[in-house]
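In my numbering, the protein residues as written are 914 to 1018.
We put the CB at the ideal spot given by N, CA and C, even for glycine.
All of these numbers come straight from a predicted model, not from anything done at the bench.
All remarks here apply to the structure that follows.
Laid out in C-alpha coordinates, this is it:
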(Lines of atoms letter the chains of each structure in order from A and count residues from 1; the text may use other names and numbers.)
(Lines give C-alpha, C1' and ligand atoms only; values in the text may rest on other atoms or scores of the structure.)
Protein backbone atom coordinates (compact mmCIF):
# COMPACT_ATOMS: atom_id res chain seq x y z
CA UNK A 1 0.00 0.00 0.00
CA UNK A 2 2.78 2.43 0.88
CA UNK A 3 4.49 1.86 -2.47
CA UNK A 4 1.23 2.49 -4.31
CA UNK A 5 0.59 5.73 -2.43
CA UNK A 6 4.17 6.85 -2.95
CA UNK A 7 3.90 6.19 -6.69
CA UNK A 8 0.67 8.20 -6.73
CA UNK A 9 2.48 11.10 -5.09
CA UNK A 10 5.38 10.78 -7.53
CA UNK A 11 3.03 11.08 -10.52
CA UNK A 12 1.36 14.12 -8.98
CA UNK A 13 -1.90 12.44 -8.00
CA UNK A 14 -3.50 13.97 -4.92
CA UNK A 15 -3.67 11.32 -2.19
CA UNK A 16 -5.15 13.56 0.51
CA UNK A 17 -8.72 12.32 -0.22
CA UNK A 18 -7.49 8.78 0.48
CA UNK A 19 -6.05 9.83 3.81
CA UNK A 20 -9.29 11.58 4.80
CA UNK A 21 -11.42 8.61 3.75
CA UNK A 22 -9.18 6.19 5.61
CA UNK A 23 -9.55 8.30 8.73
CA UNK A 24 -13.33 8.41 8.26
CA UNK A 25 -13.58 4.65 7.77
CA UNK A 26 -11.42 4.00 10.83
CA UNK A 27 -13.73 6.15 12.94
CA UNK A 28 -17.02 5.35 11.17
CA UNK A 29 -16.92 2.12 9.11
CA UNK A 30 -20.19 2.80 7.29
CA UNK A 31 -21.28 1.55 3.86
CA UNK A 32 -21.17 5.15 2.58
CA UNK A 33 -17.56 5.62 3.68
CA UNK A 34 -16.54 2.31 2.11
CA UNK A 35 -18.32 3.33 -1.10
CA UNK A 36 -16.53 6.68 -1.19
CA UNK A 37 -13.13 5.08 -0.66
CA UNK A 38 -13.87 2.43 -3.29
CA UNK A 39 -14.69 5.14 -5.82
CA UNK A 40 -11.45 6.92 -4.98
CA UNK A 41 -9.43 3.70 -5.33
CA UNK A 42 -11.00 2.84 -8.67
CA UNK A 43 -10.54 6.31 -10.13
CA UNK A 44 -6.95 6.47 -8.87
CA UNK A 45 -6.26 3.15 -10.57
CA UNK A 46 -7.74 4.44 -13.83
CA UNK A 47 -5.71 7.64 -13.47
CA UNK A 48 -2.51 5.64 -13.02
CA UNK A 49 -3.24 3.59 -16.13
CA UNK A 50 -3.94 6.68 -18.23
CA UNK A 51 -0.98 8.66 -16.88
CA UNK A 52 1.43 5.83 -17.61
CA UNK A 53 0.03 5.39 -21.14
CA UNK A 54 -0.95 1.82 -20.41
CA UNK A 55 -3.58 0.35 -22.70
CA UNK A 56 -6.92 0.46 -20.88
CA UNK A 57 -7.62 -3.12 -21.93
CA UNK A 58 -5.31 -4.49 -19.29
CA UNK A 59 -5.19 -8.20 -18.67
CA UNK A 60 -4.74 -7.95 -14.93
CA UNK A 61 -6.39 -5.90 -12.21
CA UNK A 62 -4.35 -3.12 -10.66
CA UNK A 63 -4.18 -2.21 -6.99
CA UNK A 64 -6.86 0.49 -7.29
CA UNK A 65 -9.32 -1.94 -8.88
CA UNK A 66 -8.67 -4.67 -6.31
CA UNK A 67 -8.94 -2.25 -3.39
CA UNK A 68 -12.19 -0.85 -4.78
CA UNK A 69 -13.65 -4.36 -5.06
CA UNK A 70 -12.64 -5.11 -1.47
CA UNK A 71 -14.24 -1.93 -0.11
CA UNK A 72 -17.41 -2.41 -2.15
CA UNK A 73 -17.79 -5.92 -0.78
CA UNK A 74 -17.40 -4.54 2.75
CA UNK A 75 -20.10 -1.96 2.05
CA UNK A 76 -22.44 -4.57 0.55
CA UNK A 77 -21.98 -6.97 3.46
CA UNK A 78 -23.22 -4.40 5.98
CA UNK A 79 -26.24 -5.52 7.99
CA UNK A 80 -27.34 -1.97 8.83
CA UNK A 81 -31.07 -1.26 8.72
CA UNK A 82 -30.56 2.51 8.47
CA UNK A 83 -32.15 3.93 5.29
CA UNK A 84 -29.04 6.02 4.55
CA UNK A 85 -26.88 2.88 4.77
CA UNK A 86 -29.35 0.87 2.68
CA UNK A 87 -29.04 3.49 -0.08
CA UNK A 88 -25.23 3.30 0.11
CA UNK A 89 -25.38 -0.51 -0.08
CA UNK A 90 -27.59 -0.27 -3.17
CA UNK A 91 -25.16 2.24 -4.73
CA UNK A 92 -22.20 -0.01 -3.85
CA UNK A 93 -23.84 -2.96 -5.64
CA UNK A 94 -24.47 -0.84 -8.73
CA UNK A 95 -20.91 0.54 -8.71
CA UNK A 96 -19.46 -2.95 -8.28
CA UNK A 97 -21.49 -4.19 -11.27
CA UNK A 98 -20.35 -1.21 -13.34
CA UNK A 99 -16.64 -1.55 -12.68
CA UNK A 100 -16.71 -5.32 -13.18
CA UNK A 101 -18.42 -4.83 -16.55
CA UNK A 102 -15.84 -2.17 -17.53
CA UNK A 103 -12.98 -4.44 -16.54
CA UNK A 104 -14.38 -7.45 -18.39
CA UNK A 105 -14.92 -5.61 -21.67
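| Query | Result |
| --- | --- |
| Please determine, among 943, 939, 944 and 952, the residue with the shortest C-alpha to C-alpha distance to residue 980. | 952 |
| Near residue 1002, what residues of its chain come up, given a Cβ to Cβ distance below 7 Å and the 5 sequence neighbours on each side ignored? | 944, 988, 989 and 991 |
| What is the DSSP secondary structure of residue 999, reduced to helix, strand or coil? | helix |
| In the DSSP assignment, find the alpha helix (DSSP H) that holds residue 980 and state where it starts and stops. | 976-989 |
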